[in-house]
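Working notes, beginning with the structure itself.
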Amino acid sequence: MIRRDLIFLGLALLLAGLLMPVTPAAVLLAAAALWLWGELAVVWIYARWKPVEPVRVPVGELPAHVAAYNPRNKMYFWMWRVEPNRSVLGFSSLEVVHEFYNKLALRRDEQLAYVYLYGEKFIIFSSRRYDTGRVRDVEEILREFFVPQRVTPWIGIGRPVDRRIWLSTLWVLLYAAFAGAAALLLLPIWAWIVHNFVKYYRESYMMFTLTHMPHTDTFSLSREMLELAAATDAKTIARMEKWAVAFADRPSVEIKKKFAKIYEGRDTGKRLVRLAEYKELLERVAAFNERPIFLFVYAEDDIPSMDVARDYFATADFWLRRSYVRALTGDLTRFPIFYGGTLLGAQRLVELAKDIFGKPVTVPLDSLPTVHGVIIGPSGMGKSWTVASWLYQLSKYVDVVVIDPHGDYYKWAEKVGAEVVPIPHVLPRDLPEVLRRSMWFRRLIEGKYGRLDGASPEAVLTEEAAALGIRPEYQDFRLGNIVLDLTPLKKDTEAQAFWAVVMMIYLINKLLEEKVEQLKTIIVFDEARLLSQHGTARYSEVLLDMLRDLVFGGRKYGFAVWFIVQLETQLPWDIIRSASVQLFLGGARDYVLPLARTVELDNDDVAYLLSAITPREAALSGRPYAMGILRVKPRDHKYHVKIYLDPELK
0 MIRRDLIFLG LALLLAGLLM PVTPAAVLLA AAALWLWGEL AVVWIYARWK
50 PVEPVRVPVG ELPAHVAAYN PRNKMYFWMW RVEPNRSVLG FSSLEVVHEF
100 YNKLALRRDE QLAYVYLYGE KFIIFSSRRY DTGRVRDVEE ILREFFVPQR
150 VTPWIGIGRP VDRRIWLSTL WVLLYAAFAG AAALLLLPIW AWIVHNFVKY
200 YRESYMMFTL THMPHTDTFS LSREMLELAA ATDAKTIARM EKWAVAFADR
250 PSVEIKKKFA KIYEGRDTGK RLVRLAEYKE LLERVAAFNE RPIFLFVYAE
300 DDIPSMDVAR DYFATADFWL RRSYVRALTG DLTRFPIFYG GTLLGAQRLV
350 ELAKDIFGKP VTVPLDSLPT VHGVIIGPSG MGKSWTVASW LYQLSKYVDV
400 VVIDPHGDYY KWAEKVGAEV VPIPHVLPRD LPEVLRRSMW FRRLIEGKYG
450 RLDGASPEAV LTEEAAALGI RPEYQDFRLG NIVLDLTPLK KDTEAQAFWA
500 VVMMIYLINK LLEEKVEQLK TIIVFDEARL LSQHGTARYS EVLLDMLRDL
550 VFGGRKYGFA VWFIVQLETQ LPWDIIRSAS VQLFLGGARD YVLPLARTVE
600 LDNDDVAYLL SAITPREAAL SGRPYAMGIL RVKPRDHKYH VKIYLDPELK
């Protein structure tokens, strides 16, 4: 601990100063103390003015093996930019943490650090040996838990330290006035220390500075308290823009020896407290197979539960690693190491929500395996309002076609200048020709009427429209931002389902002609329950087959479908689970619990969904928002989100 070392230095100088008038040889005690801890004292003094860090120099023969070397602690550093390939937070990450730590199998003089810096995530592996084989092993292990991208390690490129630090040599003269002339022998030692400080340290850039670290030497939570504290601490840290945690292996026998030493000590109040603390740690080691570790914690703000407070030495200590906390592997769950994540190299990022820490959640349109989505939520929780707000953002990048049974997207159409087409009063001029070539339409007619009598698509469409007292008008139809308005049929859901499917078949066949990889069009099907709840069994089977063909091959044709339903039972499970964007809105218990079982949400997810308020309630205290769980694939990225809604779209 830095404070302990500085106290030792101060006591050694005081004792030597008292002895030197009688025994000048006591200057050797002061000289030894300065040699051991003098540099720490200079760093601590200067850091009270401006944060500093030791210089690292690049080393290595090949670009793939370039490391940064810190001469002050003789450590090599390798660095990766990473994104976690899963999303777990708090105590839910315990299994992943143990697996990660055990596979790393850190050796003596090896450490691993996780750094979060303004949305970017990094892992730094450090070792006293320049061992490229070991680095490749670590990188292979990282690939199991992250998507790593090797980057050039940070080196000390800040401004040189202020030369006025040389004025600190005046303290030796003052010390000599107190201790005697023999103390002047400390002058060259201190000058050498200051020379090394000026040579090997730089002032840190403010964006890279860390200002807080623990003022304790042990984390001693019981298993029960850890379960409660992990999520709270992880959420506190996740709200910060800068933080880091590093860890190193600690011999397992150390806890047993420490417990035995305290157990056999004198019976004092302090002994009883320490005995209780180590008893909890021993239980976690014995019963839950946790491993002892050294933990190095750095942050930009206080964390009272970890006794993390302001410390001027924090930035320098991140590279020197002098201030450790004795902990167990389970304590790593108190840090959001495996939370969140985005796709590296992604383009056309669209911000859809804010997570519970206020950080943006983005979706990379060009990096999703299938870009179809599923939005599930009960009535009144803001499904259509959420989708309209999303579509306002998405329409800047892609064309949007909305199949709207209830008229919820008029305001969106007005705001983005989309065309509203009343179906079936107005139909595309080429609709009969497109349907004539469609296998799906032939199967649809056979499923609906139980026969194929050779009737032309025009005759079928005219007959269906006539049954509703409507004479369709055929007009030129250009794909773009469009609302296919089914509200004229709102009293006949069977008719809504038929015309919705007809327009889906038309859109799909038109888009199939443009075989492109990049997403160009999103079809939004509000109240997608229409597809599975109406018509004969044969009719429904045709619709579901069409959906599966669309969903599993949509991306390579440059289009996608987003389905909006109230219950998870209203869509086939294989369509829900294959969706790359899944949003589950909050609601009452009888909706949330069956949903959680079906889509495999954990207890924290259930608690968040049950705590959701309606957008109108949220608007009472400010801007309206919807609350839900957002999952983004191909990796298992899961977020507790608030989706801020545009009041102009309601």
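Residue numbers (numbering that gives the first Met the number 0): 0 to 649.
Beta carbons: idealized from backbone N, C-alpha and C, even for Gly.
TODO: Spell out a yes or no on whether the stretch 166–176 and the stretch 206–226 are touching, meaning 3 or more CB-CB pairs, one atom from each, closer than 8 Å.
DONE: Under the 8 Å Cβ criterion, the stretch 166–176 does not count as touching the stretch 206–226, having fewer than three qualifying pairs.
Open item on the list: By alpha-carbon positions, which one of E143, D398, K649 and R249 ends up nearest to F337?
Closed with: E143
Open item on the list: Suppose only complete runs of 4+ residues qualify. What are the alpha helix (DSSP H) ranges in the stretch 174–227, listed by chain order?
Closed with: 185–199
Task: Beta-carbon gap between A32 and A11 smaller than 8 Å - done: It is a contact, given that the beta carbons lie within the stated cut-off.
Open item on the list: What does DSSP give as the partner residue(s) for E52 in the beta ladder?
Closed with: R201
TODO: Measure the alpha-carbon distance for E38 versus R596 and round it to whole angstroms.
DONE: 58 Å
Open item on the list: Quick check for students: name the residue ranges of the alpha helix (DSSP H) that lie wholly in the stretch 375–448, counting only runs of 4 or more.
Closed with: Those alpha helix (DSSP H) runs which fall completely within the stretch 375–448 and span 4+ residues are 382–393, 409–415, 430–435 and 438–448.
Open item on the list: Just to confirm the assignment, what range does the alpha helix (DSSP H) spanning R588 have?
Closed with: R588 to V598
TODO: Enumerate in chain order the residues of its own chain whose CB-to-CB distance from W34 is below 7 Å, with the five nearest sequence positions on each side excluded.
DONE: I188
TODO: Have a look at the DSSP bridge pairing and note the partners of G627.
DONE: Its beta-bridge partners are L584 and V640.
Task: Unbroken alpha helix (DSSP H) run spanning K102, endpoints - done: L93 to L103
Task: Residue environment, T22, which counts as buried when at least 16 other CB atoms sit within 10 Å - done: exposed
Task: Beta-carbon proximity of K489 to P377, cut-off 8 Å - done: no
Task: Length of the line joining the Cα atoms of L566 and L648 - done: 24 Å
Open item on the list: Assuming contact is defined by CB atoms lying nearer than 8 Å, are L478 and K509 in contact in what I supplied?
Closed with: yes
Open item on the list: So for Y323, helix, strand or coil by DSSP?
Closed with: coil
Open item on the list: So, under 8 Å CB-CB, A30 and L185 are touching, yes? Tell me the CB distance rounded to an integer number of Å.
Closed with: 6 Å
- [ ] Grab me the residues of N195's own chain with a C-beta within less than 7 Å of its C-beta, minus the 5 sequence neighbours each way, in chain order.
- [x] E38
Open item on the list: Tell me the DSSP secondary structure of W153 in three-state form.
Closed with: In the three-state reduction of the DSSP assignment, W153 falls in the coil class.
Task: Residue environment, W439, which counts as buried when at least 16 other CB atoms sit within 10 Å - done: By the 10 Å Cβ count, W439 comes out buried.
Task: For D4, the first and last residue of its enclosing alpha helix (DSSP H) - done: I1 to L18
TODO: Using 10 angstroms around the beta-carbon of M224, count the other beta-carbons present and answer buried if the total reaches 16, otherwise exposed.
DONE: exposed
Task: Stretch pair the stretch 220–235 + the stretch 76–85: three plus CB contacts closer than 8 Å - done: no
- [ ] Can you say whether W411 is buried or exposed, counting buried as having 16 or more other CB atoms within 10 angstroms of its CB?
- [x] Under this definition W411 is a buried residue.
Open item on the list: Quick check: the stretch 387–399 against the stretch 422–441, are at least 3 beta-carbon pairs closer than 8 Å?
Closed with: no
TODO: State the Cα-Cα distance for the pair P291 and L103, rounded to the nearest angstrom.
DONE: 14 Å
- [ ] Quick one: using the 10 Å Cβ neighbour count with 16 as the cut-off for buried, is Q581 buried or exposed?
- [x] Burial call: buried.
Task: Best match in S579, Y199, I374 and L518 for proximity to F562 [C-alpha to C-alpha] - done: Restricting attention to S579, Y199, I374 and L518, the CA atom closest to the CA of F562 is found in I374.
Task: Beta carbon of E299 nearer than 8 Å to that of K241 - done: Cβ atoms of E299 and K241: closer than 8 Å.
Task: Cβ neighbour criterion (16 or more within 10 Å) applied to E513 - done: exposed
Task: Beta carbon of A617 nearer than 8 Å to that of Y607 - done: no
Open item on the list: Suppose contacts are defined by Cβ-Cβ distances below 8 Å. Is N69 in contact with R55 by that definition?
Closed with: yes
Task: Three-state secondary structure (DSSP) of I122 - done: strand
Open item on the list: Please classify W36 as buried or exposed, where buried requires at least 16 neighbouring CB atoms within 10 angstroms.
Closed with: buried
Task: Cβ neighbour criterion (16 or more within 10 Å) applied to S251 - done: exposed
Open item on the list: One question on the structure: do T520 and G557 come within less than 8 Å of each other, judged by their Cβ atoms?
Closed with: yes
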